[in-house]
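Asker:
Protein chains: 2
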Amino acid sequence: MKNFRPNCFFAQICAFTLIVVFTLHVKLSAQTTQNGADAAFIRKIYDQALTDGRCYPWLEHLCLNIGHRLSGSVGAAQAVQWTRSMLDTLGLDSVWLQPVMVPHWVRGEAEQVRVVGSKKHGTFTLSALALGGSVGTPAQGISAEVVEVKSWEELDNLGERAIRGKIIFYNRPMDATKIRTFEAYGGAVDQRVHGASRAAKYGAVGVLVRSMSLRLDDFPHTGTLLYDSTHALLPAVAISTLAAEKLSQVLKEEGKALVSMKMNCKMLPEVLSYNVVGEIRGSERPNDIIVVGGHLDSWDAGHGAHDDGAGCTQSMDVLRILKQLGYRPRHTIRCVLFMNEENGLRGGKKYAEEAARKGEFHLAAIESDAGGFTPRGFSFEGDESVFGKFFEKISAYQNLLEPYGLKFTKGGSGADISPLKSMKGLLSGYQPDSQRYFDLHHTADDTFDKVNKRELELGAASMAALVYLLDKYGL
Amino acid sequence: MKNFRPNCFFAQICAFTLIVVFTLHVKLSAQTTQNGADAAFIRKIYDQALTDGRCYPWLEHLCLNIGHRLSGSVGAAQAVQWTRSMLDTLGLDSVWLQPVMVPHWVRGEAEQVRVVGSKKHGTFTLSALALGGSVGTPAQGISAEVVEVKSWEELDNLGERAIRGKIIFYNRPMDATKIRTFEAYGGAVDQRVHGASRAAKYGAVGVLVRSMSLRLDDFPHTGTLLYDSTHALLPAVAISTLAAEKLSQVLKEEGKALVSMKMNCKMLPEVLSYNVVGEIRGSERPNDIIVVGGHLDSWDAGHGAHDDGAGCTQSMDVLRILKQLGYRPRHTIRCVLFMNEENGLRGGKKYAEEAARKGEFHLAAIESDAGGFTPRGFSFEGDESVFGKFFEKISAYQNLLEPYGLKFTKGGSGADISPLKSMKGLLSGYQPDSQRYFDLHHTADDTFDKVNKRELELGAASMAALVYLLDKYGL
Numbered sequence: 001m002k003n004f005r006p007n008c009f010f011a012q013i014c015a016f017t018l019i020v021v022f023t024l025h026v027k028l029s030a031q032t033t034q035n036g037a038d039a040a041f042i043r044k045i046y047d048q049a050l051t052d053g054r055c056y057p058w059l060e061h062l063c064l065n066i067g068h069r070l071s072g073s074v075g076a077a078q079a080v081q082w083t084r085s086m087l088d089t090l091g092l093d094s095v096w097l098q099p100v101m102v103p104h105w106v107r108g109e110a111e112q113v114r115v116v117g118s119k120k121h122g123t124f125t126l127s128a129l130a131l132g133g134s135v136g137t138p139a140q141g142i143s144a145e146v147v148e149v150k151s152w153e154e155l156d157n158l159g160e161r162a163i164r165g166k167i168i169f170y171n172r173p174m175d176a177t178k179i180r181t182f183e184a185y186g187g188a189v190d191q192r193v194h195g196a197s198r199a200a201k202y203g204a205v206g207v208l209v210r211s212m213s214l215r216l217d218d219f220p221h222t223g224t225l226l227y228d229s230t231h232a233l234l235p236a237v238a239i240s241t242l243a244a245e246k247l248s249q250v251l252k253e254e255g256k257a258l259v260s261m262k263m264n265c266k267m268l269p270e271v272l273s274y275n276v277v278g279e280i281r282g283s284e285r286p287n288d289i290i291v292v293g294g295h296l297d298s299w300d301a302g303h304g305a306h307d308d309g310a311g312c313t314q315s316m317d318v319l320r321i322l323k324q325l326g327y328r329p330r331h332t333i334r335c336v337l338f339m340n341e342e343n344g345l346r347g348g349k350k351y352a353e354e355a356a357r358k359g360e361f362h363l364a365a366i367e368s369d370a371g372g373f374t375p376r377g378f379s380f381e382g383d384e385s386v387f388g389k390f391f392e393k394i395s396a397y398q399n400l401l402e403p404y405g406l407k408f409t410k411g412g413s414g415a416d417i418s419p420l421k422s423m424k425g426l427l428s429g430y431q432p433d434s435q436r437y438f439d440l441h442h443t444a445d446d447t448f449d450k451v452n453k454r455e456l457e458l459g460a461a462s463m464a465a466l467v468y469l470l471d472k473y474g475l
Numbered sequence: 476m477k478n479f480r481p482n483c484f485f486a487q488i489c490a491f492t493l494i495v496v497f498t499l500h501v502k503l504s505a506q507t508t509q510n511g512a513d514a515a516f517i518r519k520i521y522d523q524a525l526t527d528g529r530c531y532p533w534l535e536h537l538c539l540n541i542g543h544r545l546s547g548s549v550g551a552a553q554a555v556q557w558t559r560s561m562l563d564t565l566g567l568d569s570v571w572l573q574p575v576m577v578p579h580w581v582r583g584e585a586e587q588v589r590v591v592g593s594k595k596h597g598t599f600t601l602s603a604l605a606l607g608g609s610v611g612t613p614a615q616g617i618s619a620e621v622v623e624v625k626s627w628e629e630l631d632n633l634g635e636r637a638i639r640g641k642i643i644f645y646n647r648p649m650d651a652t653k654i655r656t657f658e659a660y661g662g663a664v665d666q667r668v669h670g671a672s673r674a675a676k677y678g679a680v681g682v683l684v685r686s687m688s689l690r691l692d693d694f695p696h697t698g699t700l701l702y703d704s705t706h707a708l709l710p711a712v713a714i715s716t717l718a719a720e721k722l723s724q725v726l727k728e729e730g731k732a733l734v735s736m737k738m739n740c741k742m743l744p745e746v747l748s749y750n751v752v753g754e755i756r757g758s759e760r761p762n763d764i765i766v767v768g769g770h771l772d773s774w775d776a777g778h779g780a781h782d783d784g785a786g787c788t789q790s791m792d793v794l795r796i797l798k799q800l801g802y803r804p805r806h807t808i809r810c811v812l813f814m815n816e817e818n819g820l821r822g823g824k825k826y827a828e829e830a831a832r833k834g835e836f837h838l839a840a841i842e843s844d845a846g847g848f849t850p851r852g853f854s855f856e857g858d859e860s861v862f863g864k865f866f867e868k869i870s871a872y873q874n875l876l877e878p879y880g881l882k883f884t885k886g887g888s889g890a891d892i893s894p895l896k897s898m899k900g901l902l903s904g905y906q907p908d909s910q911r912y913f914d915l916h917h918t919a920d921d922t923f924d925k926v927n928k929r930e931l932e933l934g935a936a937s938m939a940a941l942v943y944l945l946d947k948y949g950l
């Protein structure tokens with residue numbers, strides 16, 4: 001350093017650079033040591049999950065012994081009681097049910113949708129599932145000509161003259177070129193959510209929606225719709241992608257198609273249900289909460305295995321794994337199984353309301369609601385006043401999760417935890433591989449056998465590892 | 476720069492640093508521009524694969540119309556002719572069959588393995604598949620007491636006194652804590668490969684091997700064994716993991732177990748078969764080759780869908796995609812469907828021999844033989860005299876593949892391309908997600924329905940993207 005001259009401007013910059021480099025080096029070394037202990041604990045978490053995990057047998061019970069669990073159904077009530085009883089076995093500090101009133105929509109007798117009197121194909125059935133929340137048809141059904149559209153613009157251009165008295169058939173497919181299938185879903189699901197009311201505006205009498213799927217098969221995919229109450233409430237039904245292709249072909253070949261729809265679904269009075277909650281109390285900051293959760297309700301087809309039995313049993317397993325390893329958290333770690341994500345989000349809203357009422361600060365919330373597939377990472381979001389700082393902080397330990405194939409990205413988290421956003425904590429969505437999710441989503445094919453044991457366990461371990469890091473380093 | 480003083484040592488370092496930083500900046504900017512064009516072309520590759528891919532229908536035909544394809548079988552011969560005819564439709568510069576003599580092992584009538592006269596369980600069948608290459612038993616079968624071992628040390632400690640006249644039962648499970656399942660496989664497959672001869676050394680009469688699987692189910696997993704001809708050739712059979720658990724339980728509860736084995740497998744004279752090759756001739760360096768391939772043979776159970784119908788049809792699709800996009804490669808791009816990976820590697824050896832004879836330099840070879848699952852990356856290896864330089868070079872464009880979920884790592888490539896290593900090019904193994912692979916590997920359950928269309932297509936696109944980058948930038 002003997003050549004150092006303070007009057008040399010260049011040398012000043014240089015000295016500053018060296019100091020920065022040196023400081024960074026010291027910081028990195030300290031981090032490496034710390035990382036060693038963290039890496040070892042995270043390794044234990046994965047070992048626990050992969051050799052002694054419970055999420056898979058729990059999911060098996062939920063799927064095969066209870067089955068689907070639409071809000072207000074017997075299945076939902078059984079799932080509440082059973083998951084509570086499982087949490088009770090884990091030696092947590094408390095387990096409770098959080099009451100919440102939920103909508104009670106029922107499908108009734110299976111819907112029937114038919115193309116009637118096609119010149120070339122005669123009369124044939126379209127595989128269909130009424131959209132959740134849809135009104136039914138009159139008992140005798142409805143019957144009308146079909147108008148196919150692929151965009152709102154097309155619908156608006158057709159206008160009342162072409163649409164009045166018709167059944168609108170929304171047939172814009174999901175975009176197969178999107179690498180993350182959730183993006184493709186986001187680009188098509190507006191048809192399912194808003195299609196009924198937008199068609200009602202022009203005097204349509206019913207709605208068919210091409211299923212939200214990238215696969216050509218005969219499973220119809222249900223899902224919720226939202227009615228705009230300024231328009232008539234039209235019966236709306238999802239048809240399988242193969243049925244959509246066939247109907248479109250008939251329209252192309254014959255210029256028109258007559259469809260009959262008979263749907264027996266209806267909304268009943270609201271029902272009392274529950275979020276299921278279990279927690280390990282924090283030793284230092286018990287009123288700062290880290291939530292890990294999924295939603296306990298499912299659509300009324302299949303087992304709701306990937307959506308979202310997987311997320312629920314993984315979340316339960318996070319607490320079990322941490323208990324099993326004797327981990328004493330600084331913050332309170334809470335598993336929440338939210339009720340009614342699918343058709344109302346009442347559980348998520350109620351949970352955030354109660355948290356605010358009790359003055360609980362939610363440091364972080366992680367939701368697993370993208371299936372039980374192989375782990376790829378976590379996406380993070382938060383109030384913009386704090387998110388940048390948070391993301392920087394957590395990015396410092398992303399390297400600890402890389403050996404497990406995980407990557408941190410900025411992006412959406414989960415529907416149930418979204419009402420917590422205003423609390424200015426960190427929100428995260430567990431991101432499994434997305435390629436197979438929409439093959440099964442909201443169908444009779446979302447069954448237990450589609451879940452791979454190791455993939456599910458790796459997800460639980462990944463969530464436990466993130467919870468551990470958030471608990472240890474705060475935000 | 477007016478404060479710059481050459482007599483200031485610090486400032487000299489500093490100036491140098493700035494120059495380096497500036498140069499790096501210019502280089503990175505140039506790279507960014509270049510990357511823009513590359514990113515656009517790679518995007519086209521994925522769009523092609525995801526909207527117009529052929530690998531999935533090709534695989535469907537290979538699996539459902541031809542089926543499994545063990546070397547020397549009718550299926551293998553049909554697969555050669557059919558894949559050749561498909562390559563012939565692609566407008567490649569040449570397509571040919573490369574003759575190679577292959578072993579012809581046949582299973583014969585289904586093997587029968589039974590536990591006889593257990594006190595608690597009576598006589599019952601163990602789900603079993605003879606190991607590929609195993610000798611059969613005498614026509615009347617063999618029957619002997621079973622000795623269970625989990626390590627070579629245990630076997631050696633037992634020695635001849637305990638082993639002579641017995642059937643050795645290798646029951647060391649794959650290690651569930653390994654995140655990449657191939658590591659777990661690597662830690663257990665020595666039992667299958669070397670178990671027969673190592674037991675023969677101590678006078679055993681037969682061998683049972685716990686299936687190479689992390690799943691508890693009733694599918695036996697076959698696979699090749701290697702005999703050391705200085706010892707007797709024992710009949711050796713894989714039993715399902717559930718069968719292994721049950722046999723182990725009988726041994727634990729009853730202290731002994733009598734097993735009868737009847738196997739009808741045998742080796743027939745060698746048969747003429749073929750590697751199937753197609754190429755697009757390079758416009759600048761036609762004698763420098765980039766190979767992309769998989770192996771066309773499979774075990775004689777299931778469809779050989781993931782192993783390795785997937786890799787073959789993906790490799791074929793790489794050439795089709797590049798042709799479809801009008802890409803004119805600088806180097807020759809060749810798709811090779813290797814024969815006899817499973818029990819001899821004759822195709823891979825013959826291919827390398829012929830390449831050397833013709834003086835073809837193999838710049839790079841990519842093998843897809845780890846299943847048709849969702850892409851995670853590529854692993855690379857090469858002769859150590861050149862590998863460091865190569866890996867640095869390709870790492871510069873890893874960022875172009877990150878949006879597709881791909882990562883570059885150092886590691887093994889593929890069995891068929893391994894004989895090319897001495898040519899000092901770059902070898903790469905396509906790395907799909909590994910969690911489900913060993914659930915199906917070498918079983919009757921490796922069927923077409925286990926392959927996801929998008930996952931397969933994404934793999935083909937990933938391989939095509941890497942081929943494009945290797946072709947464009949060389950090594």
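From first to last, the protein sequence lines are chains A and B. Note that the first sequence covers residues 1 to 475 in the working numbering. Note that the second sequence covers residues 476 to 950 in the working numbering. Where a beta carbon is used, it is the ideal one built from N, C-alpha and C, also for glycine.
1. Got a sec, what are the start and stop residues for the beta strand (DSSP E) Gly382/A sits in?
2. Reducing DSSP to helix, strand and coil, say where Leu349/A ends up.
3. For a cutoff of 7 Å on Cβ pairs, would you count Arg969/B as touching chain A?
4. Buried or exposed, going by whether 16 or more other CB atoms sit within 10 Å of the CB of Gly359/A?
5. Tell me the DSSP bridge mates of Tyr645/B?
6. Could you please give me the residues that DSSP links to Gln906/B through a beta bridge?
7. Identify each residue in the region 893-924 of chain B for which the Cβ-Cβ distance to at least one residue of chain A is less than 8 Å, and report them in chain order.
8. Label Val386/A either buried or exposed according to how many other C-beta atoms from any shown protein chain fall within 10 Å of its C-beta, with 16 as the threshold for buried.
9. Short of 8 Å Cβ to Cβ, which residues in the region 686-698 of chain B face chain A?
10. Answer with buried or exposed for Val591/B, where buried requires no fewer than 16 other C-beta atoms within 10 angstroms of its C-beta.
11. Going straight from the alpha carbon of Gly900/B to that of Leu604/B, what length do you get?
12. Could you tell me how far apart the beta carbons of Ala236/A and Gly195/A are, in whole angstroms, since I believe they sit closer than 8 Å?
13. Check distances from the C-beta atoms of the region 48-60 of chain A to those of chain B and list, in chain order, the residues that come in under 9 Å.
14. What's the call for Pro329/A, buried or exposed, on a 16-neighbour Cβ count within 10 Å?
15. Look at Asp891/B and Phe813/B and say whether their C-beta atoms are less than 7 Å apart.
16. For Leu709/B, does the count of other Cβ atoms within 10 angstroms reach 16, so buried, or fall short, so exposed?
17. For the putative contact between Lys120/A and Glu253/A, defined by C-beta atoms under 8 Å, what is the C-beta separation to the nearest angstrom?
18. Within the region 561-634 of chain B, note down every full beta strand (DSSP E) run reaching 3 residues or more, in order along the chain.
19. With 7 Å set as the bound, which would you pick, yes or no: does the beta-carbon of Ala679/B sit closer than that to a beta-carbon of chain A?
20. Measuring alpha carbon to alpha carbon, tell me which residue in Tyr437/A, Ser462/A, Ala365/A and Leu458/A is nearest Gln398/A.
21. With a threshold of 16 other CB atoms inside 10 Å of the CB of Asn275/A, please say whether the residue is buried or exposed.
22. Specify whether the region 405-413 of chain A and the region 135-154 of chain A touch according to this definition: at least 3 beta carbon pairs, one from each stretch, less than 8 Å apart.
23. So, is Arg320/A buried or exposed, given that buried needs 16 or more other C-beta atoms within 10 angstroms?
24. For Ala464/A, which of helix, strand or coil comes out of DSSP?
25. Answer yes or no: the CB of Asp317/A versus the heavy atoms of the ligand MN, is any distance below 6 Å?
26. Name, going along the chain, the residues of the region 626-653 of chain B whose beta-carbon falls closer than 8 Å to a beta-carbon of chain A.
27. Pick out whichever of Tyr521/B, Val942/B, Val767/B and Glu828/B has its Cα sitting closest to the Cα of Ser897/B.
28. CB Asp369/A to CB Gly414/A, shorter than 7 Å?
29. Where does Glu402/A sit, in a helix, a strand or coil, going by DSSP?
30. Give the residues of chain A in contact with Thr884/B, contact being defined as C-beta atoms less than 7 Å apart.
31. What runs of the beta strand (DSSP E), each 3 residues or longer, lie entirely inside the region 271-317 of chain A?
32. Does Tyr943/B have its Cβ less than 7 Å from a Cβ in chain A?
33. Given that Tyr879/B touches chain A, what residues does it touch there, using C-beta distances under 8 Å?
Answerer: This is what the structure gives:
1. Taking the first residue of the first sequence as 1, we reach residue 382/A at position 382. Looking at the DSSP string, the run of the beta strand (DSSP E) that includes Gly382/A is Pro375 to Gly382.
2. Walking along the first sequence from the start, residue 349/A turns up at place 349. For clarity, residue 349/A is Lys in the given sequence; the question names Leu instead. Correct three-state label for Lys349/A: helix.
3. A question about residue 969/B goes unanswered here, because the residues of chain B that appear run from 476 up to 950.
4. The count along the first sequence starts at 1 and reaches residue 359/A at position 359. Result: exposed.
5. For this step, residue 645/B is matched to residue 170 along the second sequence. Answer by DSSP bridge pairing, in chain order: Val624/B and Val684/B.
6. Against the second sequence, residue 906/B aligns to sequence position 431. Looking at the DSSP assignment, Gln906/B forms a beta bridge with Gly852/B.
7. Asp908, Gln910, Arg911 and Asp914
8. Within the first sequence, numbered from 1, the residue matching residue 386/A stands at position 386. Looking at its Cβ environment, which holds fewer than 16 other Cβ atoms inside 10 Å, Val386/A is exposed.
9. Leu689 and Arg690
10. Locating residue 591/B in the second sequence gives position 116, counting from the first residue. Classification for Val591/B: exposed.
11. Taking the first residue of the second sequence as 1, we reach residue 900/B at position 425. Taking the first residue of the second sequence as 1, we reach residue 604/B at position 129. If you take the alpha carbons of Gly900/B and Leu604/B, they lie about 38 Å apart.
12. Along the first sequence, one-based indexing puts residue 236/A at 236. Along the first sequence, one-based indexing puts residue 195/A at 195. Their Cβ separation, rounded to whole angstroms, is 6 Å, which keeps Ala236/A and Gly195/A in contact under 8 Å.
13. Leu50 and Thr51
14. Here residue 329/A refers to the residue found at position 329 when the first sequence is read from its first residue. Looking at its Cβ environment, which holds 16 or more other Cβ atoms inside 10 Å, Pro329/A is buried.
15. Taking the second sequence and counting its residues from 1, one reaches residue 891/B at position 416. Taking the second sequence and counting its residues from 1, one reaches residue 813/B at position 338. Going by C-beta atoms, Asp891/B is nearer than 7 Å to Phe813/B.
16. The residue given as residue 709/B occupies position 234 in the second sequence. So Leu709/B ends up on the buried side.
17. Position 120 of the first sequence, counted from the start, is the residue given in the question as residue 120/A. Position 253 of the first sequence, counted from the start, is the residue given in the question as residue 253/A. Rounded, the Cβ-Cβ distance is 6 Å, consistent with contact.
18. For the region 561-634 of chain B, whole beta strand (DSSP E) runs of length 3 or above, ordered along the chain, are 569-581, 587-593, 597-600, 603-605 and 617-624.
19. The sequence position of residue 679/B within the second sequence is 204, counting from 1. No, because no Cβ of chain A sits closer than 7 Å to the Cβ of Ala679/B.
20. The residue labelled residue 398/A in the question sits at position 398 within the first sequence. Cα-wise, what sits closest to Gln398/A is Ser462/A.
21. Stepping through the first sequence from its first residue, residue 275/A is reached at position 275. Flag for Asn275/A reads buried.
22. In short, these stretches do not touch, since the Cβ pair count stays below three.
23. By one-based count along the first sequence, residue 320/A stands at place 320. Answer is buried; the Cβ neighbour count reaches 16.
24. Position 464 of the first sequence, counted from the start, is the residue given in the question as residue 464/A. Helix at Ala464/A.
25. Among the components of this structure there are no ligands whatsoever, and the ligand MN is therefore not found.
26. Ala651 and Thr652
27. One-based indexing of the second sequence puts residue 897/B at position 422. Closest by alpha carbon: Glu828/B.
28. The count along the first sequence starts at 1 and reaches residue 369/A at position 369. The count along the first sequence starts at 1 and reaches residue 414/A at position 414. Yes, Cβ-Cβ distance for Asp369/A and Gly414/A is below 7 Å.
29. Within the first sequence, numbered from 1, the residue matching residue 402/A stands at position 402. If DSSP states are grouped into helix, strand and coil, Glu402/A belongs with the helices.
30. As a working mapping, residue 884/B is identified with position 409 in the second sequence. Within chain A, no residue comes near Thr884/B; the closest Cβ sits about 11 Å away, beyond 7 Å.
31. 285-295
32. Looking up residue 943/B in the second sequence gives position 468. No, no contact with chain A.
33. Along the second sequence, read from residue 1 onward, the residue named residue 879/B stands at position 404. By Cβ distance, chain A contributes Ile179.
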